[in-house]
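The letter at position 180 of the sequence shown is residue 179 when you use numbering that gives the first Met the number 0, and the numbering goes up by one with no holes. The structure under discussion appears below in the form of structure tokens.
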Amino acid sequence: MLGEQDRIVGISGYTVRPPQARREKPKVSAFISAKIDTILDLKPDLVIGFSDMQAEIAAELIRRGVNVLVYNQRSVAEILDMITSLSRLVGNHKGGERLVEQLQNNLNTIADKAQKYSYRPKVYFEEWNDPLISGIRWVSELIEIAGGQDCFADLSQHPGAKDRIIADPSEVIHRNPDIIIGSWCGKKFQPDAVKSRSDWQSINAVKNDHIYEIKSPLILQPGPAALTEGVSALHKLILSFNRNFEK
0 MLGEQDRIVG ISGYTVRPPQ ARREKPKVSA FISAKIDTIL DLKPDLVIGF SDMQAEIAAE
60 LIRRGVNVLV YNQRSVAEIL DMITSLSRLV GNHKGGERLV EQLQNNLNTI ADKAQKYSYR
120 PKVYFEEWND PLISGIRWVS ELIEIAGGQD CFADLSQHPG AKDRIIADPS EVIHRNPDII
180 IGSWCGKKFQ PDAVKSRSDW QSINAVKNDH IYEIKSPLIL QPGPAALTEG VSALHKLILS
240 FNRNFEK
């Protein structure tokens with residue numbers, strides 16, 4: 000998006016945007032594992048990673064003499080800061096400023112539209128199903144921007160998934176979401192499995208069949224995808240709910 004793709008010598012296997020990347024760049028890592036020797040063969044000046052979960056990859060590369068930069072962005076503001084930082088790193092600060100402005104304007108436009116909603120539906124975002132894990136902070140913030148209320152906003156402040164585990168599934172029943180959104184990182188969401196959970200038939204979202212999937216590459220990668228296609232998908236679902244609610 001900065002027009003600096005010629006600098007990229009390798010990508011994660013989770014990279015799906017843009018399609019050009021998968022066609023042109025070698026896939027050299029997963030999320031918590033990497034082909035260290037393949038990375039070294041590419042002779043990178045810098046390896047960029049995300050989150051403390053990649054600490055072991057980073058440590059091994061550092062031991063092998065590679066420069067490593069790991070970001071840990073968990074909020075919308077931190078995503079925008081990461082983009083600004085990265086653009087400076089590649090000598091394209093102006094391009095980064097323009098991109099951040101475009102992304103912020105998109106968020107502002109959606110937030111302005113959401114202000115007109117007569118009802119802000121309660122949303123349960125499920126990041127994983129076994130155990131139940133609720134949405135991370137930037138997802139929670141995007142739900143609010145798109146016009147909803149995150150049922151587990153309190154848990155979203157925890158950066159680690161283990162601290163967002165819903166130990167008692169009846170807590171979802173108690174919070175009674177109007178919409179359930181699944182984004183099971185790395186596997187297909189199964190609405191029927193959600194509907195069949197014990198006593199979940201009393202939840203408004205289940206009773207009214209407001210159970211949806213947003214693909215994880217669109218919402219669970221803390222970069223431009225989440226702030227464009229991800230938030231737009233949330234907004235579309237919440238807008239549709241409101242139109243039905245007002246009838």
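Positions of the beta carbon are idealized from the N, C-alpha and C atoms, including for glycine.
**Q.** Top-ranked residue by Cα proximity to V65, from S197, I56, A113, R73
**A.** I56
Q | Start-to-end residues for the beta strand (DSSP E) that takes in G48 | A | 46-49
Q) Roughly how many whole angstroms lie between the Cα atoms of G247 and L154? A) This structure cannot settle anything about residue 247, because the visible part of the chain is limited to 0 through 246.
Q. Cβ of L39 versus every heavy atom of the ligand HEM: is any distance shorter than 7 angstroms?
A. With respect to the ligand HEM, the structure offers nothing, as it holds no ligand at all.
Q) Under the three-state reduction of DSSP, which class applies to K235: helix, strand or coil? A) helix
(Q) Between which residues of its own chain and R119 is the CB-CB distance below 7 angstroms, once the five residues before and five after are set aside? (A) G146, G147, Q148
Q) Can you name the residues that DSSP bridges to V69? A) G48
Q: Measure the C-alpha to C-alpha separation of Q189 and S195 and round it to an integer number of angstroms.
A: 10 angstroms
Q. Per the contact definition of three or more C-beta pairs closer than 8 angstroms, is the segment 85-92 in contact with the segment 101-117?
A. no
Q.
Out of K235, I144, R16, R22, which one is the CA nearest neighbour of A76?
A. I144
Q | L217 - containing alpha helix (DSSP H), residue span | A | 215-218
Q.
If I measure Cβ to Cβ from V46 and keep anything under 6 angstroms in the same chain, skipping five residues before and after, which residues do I get?
A. L60, V65, V67
Q.
Could you check whether the segment 31-49 touches the segment 12-21, counting it as contact only if at least three pairs of C-beta atoms, one from each stretch, sit closer than 8 angstroms?
A. no
(Q) Please classify I218 as buried or exposed, where buried requires at least 16 other C-beta atoms within 10 Å of its C-beta. (A) buried
**Q.** Endpoints, beta strand (DSSP E) assigned at W127
**A.** 121-128
Q. What span of residues does the beta strand (DSSP E) with S133 cover, start to end?
A. 131-133
Q: May I have the straight-line CA-CA distance separating N105 from M81, to the nearest angstrom?
A: 18 angstroms
Q: Assuming Q72 and P221 form a contact by the criterion Cβ under 8 angstroms, report the distance between their Cβ atoms to the nearest whole angstrom.
A: 5 angstroms
(Q) Please report the straight-line C-alpha distance between V27 and Q53, rounded to a whole angstrom. (A) 14 angstroms
Q) Around the Cβ of A192, are there at least 16 other Cβ atoms within 10 angstroms (buried) or fewer (exposed)? A) exposed
Q. Hey, is the segment 156-169 in contact with the segment 236-243, meaning 3+ C-beta pairs nearer than 8 angstroms?
A. no
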